[in-house]
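Undergrad: Here it is: the structure, laid out below.
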Amino acid sequence: MNTKPRFRLLPMPVHSLLLFVVWLLLNNTVAPGHIVLGAFLAFVIPLLTSGMQDPQPRFHKPMVTIRYALMVLGDIVVANFEVAVLVVGPAKKLRPAFIAVPLSLEHDLPITILSSTVSLTPGTVSAEVSEDKKWLYVHVLKLSDKAALIALIKQRYEQPLMEIFEC
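Okay, here's the thing in structure tokens:
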């Protein structure tokens, strides 16, 4: 990862585009004055704030990223039904527990995405990432096999993130 700072006229083009679009949407007009002011702000704000940004790893494989997003969406739908059955059913089926998942990811962004993915999937919630960023603590609503769940999280979610961010 290249962390050497460099000057660019448009340091965050996606942020600039989003700022411009949001400005026009918030003002609910495409009057020339709003277009000029929105373009000016979309140019100046990222230019002034780019020095405050920490270098982030880049997405390297867009198709893997799309496949990952679709897989997570599918998992969310399936898990919602599973949790609904658990909640409506008898309480004795619940076996809540905390597990510690060892992390192979090194950068903050992929760890945050993994943590969010685990939390978005009903039945699991990311509780904490250890200070050394080596462990993700997860609360599970129904734990049947600790080793199998850890392997599932590592293979299904962490492995594609390692491929996407090349870590």
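Residue numbers (our numbering): 162 to 328. Ideal Cβ placement from N, Cα and C applies to all residues, glycine included. As the structure is a computational prediction, the values presented were derived from the model and not from experiment.
#1: Put residue 259 into one of helix, strand or coil per three-state DSSP.
#2: Can you give me the Cβ contacts of residue 271 inside the same chain, cut-off strictly under 8 Å, excluding the 5 residues immediately before and after it?
#3: With a 10 Å radius around its C-beta and 16 neighbouring C-beta atoms as the bar for buried, classify residue 162 as buried or exposed.
#4: Just list the alpha helix (DSSP H) runs in the region 184–221, keeping only unbroken ones of 4 residues or longer that don't cross its boundaries, in chain order.
#5: Helix, strand or coil for residue 303, going by three-state DSSP, please let me know.
#6: Nearest-angstrom Cα distance between residue 240 and residue 313?
#7: Quick check: the region 194–206 against the region 166–180, are at least 3 beta-carbon pairs closer than 8 Å?
#8: Buried or exposed, going by whether 16 or more other CB atoms sit within 10 Å of the CB of residue 164?
TA: Looking at the coordinates:
#1: Residue numbering aside, residue 259 sits at position 98 when the sequence shown is read from its first letter. In the structure shown, residue 259 sits in a strand (DSSP, three-state: E or B).
#2: Taking the sequence shown and counting its residues from 1, the one referred to as residue 271 is at position 110. For residue 271, where only same-chain residues beyond five positions count, the Cβ hits under 8 Å are 218, 322, 323, 325, 326 and 328.
#3: In the sequence shown, residue 162 corresponds to position 1, counting from 1. Model confidence at residue 162 stands at a pLDDT of 47, short of 50, so the residue's coordinates are unreliable; what they give is reported in the following sentence. Residue 162 should be labelled exposed.
#4: Fully enclosed alpha helix (DSSP H) runs of 4 or longer: 193–210.
#5: Residue mapping note: residue 303 aligns to position 142 of the sequence shown, counting from 1. Secondary structure of residue 303 (DSSP, three-state): strand.
#6: Here residue 240 corresponds to residue number 79 of the sequence shown, with the count starting at 1. Here residue 313 corresponds to residue number 152 of the sequence shown, with the count starting at 1. One Cα belongs to residue 240, the other to residue 313, and the distance between them is close to 14 Å.
#7: Touching, yes.
#8: Along the sequence shown, one-based indexing puts residue 164 at 3. A caution first: residue 164 carries a pLDDT of 48, below 50, which makes its placement in the model too unreliable to give a value.
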